[in-house]
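Heads up: the sequence shown begins at 2 in my numbering, then just goes up one per residue.
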Amino acid sequence: MANELFTKVELGEIGLRNRIVMAPMTRLRATEDCLASPMMAEYYRQRASAGLLITEGSHPSPMGRGYTYPPGIHTPEQATAWRKVTDAVHQEGGHIVLQLMHAGRVTHSSLLPGHALPVAPSAIAVAGAIHTFEGKVPFEVPRALATEEIPGVIAEYRHAAELAVTAGFDGVELHAATGYLPHQFQASDSNHRTDAYGGSLENRSRFTIEILHALGEVWGAGRVGIKIAPGYTVNDMYDEDPAATYVYLARQLNPMGLAYLHVGYESGYTRGTGPSFNPIDLLRKEYSGRLLAAGGFTKETGNAILAAGRADGVVFGRSFIANPDLVERFRRDAPLNEPIDVSTFYGGGAHGYIDYPTLAD
Ligand SMILES: Cc1cc2nc3c(=O)[nH]c(=O)nc-3n(C[C@H](O)[C@H](O)[C@H](O)COP(=O)(O)O)c2cc1C
2 MANELFTKVE LGEIGLRNRI VMAPMTRLRA TEDCLASPMM AEYYRQRASA GLLITEGSHP
62 SPMGRGYTYP PGIHTPEQAT AWRKVTDAVH QEGGHIVLQL MHAGRVTHSS LLPGHALPVA
122 PSAIAVAGAI HTFEGKVPFE VPRALATEEI PGVIAEYRHA AELAVTAGFD GVELHAATGY
182 LPHQFQASDS NHRTDAYGGS LENRSRFTIE ILHALGEVWG AGRVGIKIAP GYTVNDMYDE
242 DPAATYVYLA RQLNPMGLAY LHVGYESGYT RGTGPSFNPI DLLRKEYSGR LLAAGGFTKE
302 TGNAILAAGR ADGVVFGRSF IANPDLVERF RRDAPLNEPI DVSTFYGGGA HGYIDYPTLA
362 D
């Protein structure tokens, strides 16, 4: 099969030298002040041969923080810290976009300013527990955002997008997947609002679309992407009709001219029977722009989905954790490193982060 992964592609205004995209992956190696660390610059530099790097989720507001040691993008100091990352990637000829991730209800008051309650579309808690500085604690019932507060949250995303310009990124990606704030608005189970942001498909999509417009005003739509995960059920997510939700959303995105739509499809993560459709194939038919496919791809399945015209780029996650030179290994058909202990995925030091060997090693 032709090596489609190694052909060039334009995602809006962003020109990629290959179609191999590194997935956004939270690794929790920032400082206590949520500043990107020197180790993070080295991690992304090592992986810069990807056509595009999508950073780990970065919170656009102190209220959007969902973890211990994630990087933020709401202060000038955070933008300055990210600049070291973008410079390192650009020195290697790579491209990097910042993923904007607001945790919404998937956080805990102990991680938030003044120990405020998490905010969400509705006062519905996530079932289960969350990792905090004090260990695992049950999720709290979040505070439902008042209608009048929503423009302020969108303004925080806009401010974060402006800081991302200062930080030297090539664009931004809105994290509207895997149970975080925009997804909480989209999914029927987590959004019981009766105002203009809840109820109908149009209303449940409004928050996501308003954020995308704000990001586009800062960056130009051709440097703004969005990640969605239809039917995803981790973080206690449930949507009674994910196909309808995302077909509606895709049709709204069509005239916007975004850089790309990134579709996560991790069938193993779905609750019950999961979605009765493949969201990548469904949205390929509905969405007229560039589509990135994510979830369990290998070199072979990645080349196959491109050759079949079912996607424009392929997103690789865990294989990039373990293989800084994944692109070179794909090029040479070389064996891949396996990720070591998953306890190194989230948090820790250099081990399991920047010490995976390359072929040259
Ligand atoms: C350690 C880890 C952290 C992740 N963090 C994020 C994140 O911050 N934002 C996001 O959109 N997806 C996140 N994901 C999901 C990945 O982007 C990707 O969709 C998933 O790993 C499936 O791709 P893979 O099978 O190639 O690993 C994470 C995945 C892993 C393994």
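The beta-carbon is built from N, C-alpha and C at its ideal position, and this holds for glycine as well.
If you're wondering where the values come from, they're calculated on a predicted model, not measured in any experiment.
Candidates the options, of which the one nearest residue i by Cα
| i | options | result |
| --- | --- | --- |
| Met231 | Arg46, Leu216, Tyr249 and Pro63 | Here residue 231 is Pro; the residue named in the question, Met, does not match the sequence. Ranking the options by Cα distance to Pro231, first place goes to Tyr249. |
| Tyr239 | Gly16, Gly58, Ala126 and Pro61 | Ala126 |
| Gly172 | Ile341, Arg224, His75 and Leu307 | Arg224 |
| Leu101 | Pro152, Gly58, Glu218 and Asp34 | Gly58 |
| Leu262 | Asn192, Thr76, Arg311 and Gly350 | Arg311 |
| Glu17 | Tyr44, Pro25, Phe7 and Ala222 | Note on identity: in this sequence residue 17 is Leu, with Glu being the wrong assignment. If we check each option's Cα against that of Leu17, Phe7 comes out closest. |
| Asn204 | Ser191, Ala42, Phe186 and Gly129 | Phe186 |
| Asp237 | Ile281, Val107 and Leu118 | Val107 |
| Thr69 | Arg48, Gln253 and Ser110 | Ser110 |
| His60 | Val154, Met41, Gly94 and Gly115 | Val154 |
| Glu329 | Arg194, Tyr44, Ile21 and Arg291 | Ile21 |
| Ser386 | Ile281, Tyr247 and Thr133 | The shown model of the chain, from 2 to 362, leaves out residue 386, and the question about it has no answer. |
| His132 | Thr195, Val166, Gly350 and Pro71 | Pro71 |
| Val166 | Ala260, Thr195, Ile97 and Ile281 | Ile97 |
| Ala251 | Pro340, Lys228 and Met23 | Lys228 |
| Glu218 | Leu259, Lys85 and Glu339 | Leu259 |
| Met23 | Thr32, Ser50 and Arg194 | Ser50 |
| Ala245 | Ser206, Val235 and Ala222 | Ser206 |
| Phe170 | Arg194, Thr81 and Thr195 | Thr81 |
For residue j and residue i, the rounded distance between their alpha carbons
| i | j | result |
| --- | --- | --- |
| Thr274 | Tyr266 | Residue placement at Thr274 cannot be trusted, given a pLDDT of 45 that sits under 50; what the coordinates show is reported in the next sentence. Looking at the two C-alpha atoms, the distance is approximately 14 angstroms. |
| Glu149 | Tyr198 | 11 angstroms |
| Gly348 | Trp220 | 31 angstroms |
| Thr179 | Asn4 | 30 angstroms |
| Trp83 | Ala323 | 23 angstroms |
| Pro63 | Gly52 | 31 angstroms |
| Pro152 | Thr299 | 41 angstroms |
| Ala117 | Ala147 | 15 angstroms |
| Gly115 | Asp34 | 15 angstroms |
| Gln253 | Leu284 | 12 angstroms |
| Asp356 | Val264 | 30 angstroms |
| Gly95 | Thr76 | 25 angstroms |
| Glu14 | Ala42 | 24 angstroms |
| Ala177 | Pro119 | 17 angstroms |
| Asn304 | Ala335 | 16 angstroms |
| Gly105 | Ala361 | 43 angstroms |
| Glu241 | Leu337 | 39 angstroms |
| Glu93 | Lys85 | 13 angstroms |
Proximity below 8 angstroms, CB of residue i to CB of residue j
| i | j | result |
| --- | --- | --- |
| Gly226 | Glu174 | yes |
| Leu36 | Gln79 | yes |
| Arg66 | Leu112 | yes |
| Ala121 | Pro139 | no |
| Met257 | Leu202 | no |
| Asp313 | Thr359 | no |
| Leu54 | Val90 | yes |
| His363 | Leu216 | It is not possible to answer for residue 363, since the shown part of the chain is limited to 2 through 362. |
| Ala124 | Ala145 | yes |
| Ala381 | Thr87 | Because the chain here runs from 2 to 362, residue 381 falls outside it and cannot be looked at. |
| Leu12 | Thr56 | no |
| Tyr44 | Tyr354 | yes |
| Leu164 | Ile74 | yes |
Where residue i falls, given that 16 or more other Cβ within 10 Å makes a residue buried
| i | result |
| --- | --- |
| Thr302 | exposed |
| Glu157 | buried |
| Arg272 | Summary for Arg272: the model assigns pLDDT 43, below 50, so the residue's position carries little reliability, and this model does not support an answer. |
| Phe208 | buried |
| His184 | buried |
| Pro39 | exposed |
| Gly269 | In this prediction, Gly269 scores a pLDDT of 46, lower than 50, which makes its location untrustworthy; the coordinate-derived value is nonetheless stated afterwards. So Gly269 counts as exposed. |
| Asn255 | exposed |
| Val343 | exposed |
| Arg48 | buried |
| Ala351 | exposed |
| Lys137 | exposed |
| Thr234 | buried |
| Arg333 | exposed |
| Phe134 | exposed |
| Thr27 | buried |
Neighbour flag for residue i against chain D, beta carbons, 8 angstroms
| i | result |
| --- | --- |
| Gly172 | Absence of chain D from the displayed structure is noted, only one protein chain being present. |
Contact test: residue i Cβ vs ligand 2 heavy atom, cutoff 7 angstroms
| i | result |
| --- | --- |
| His352 | For the structure depicted, ligand 2 is absent and the ligand set comprises only ligand 1. |
Is there contact between the region 310-323 and the region 280-300, where contact requires at least three CB pairs shorter than 8 angstroms? yes
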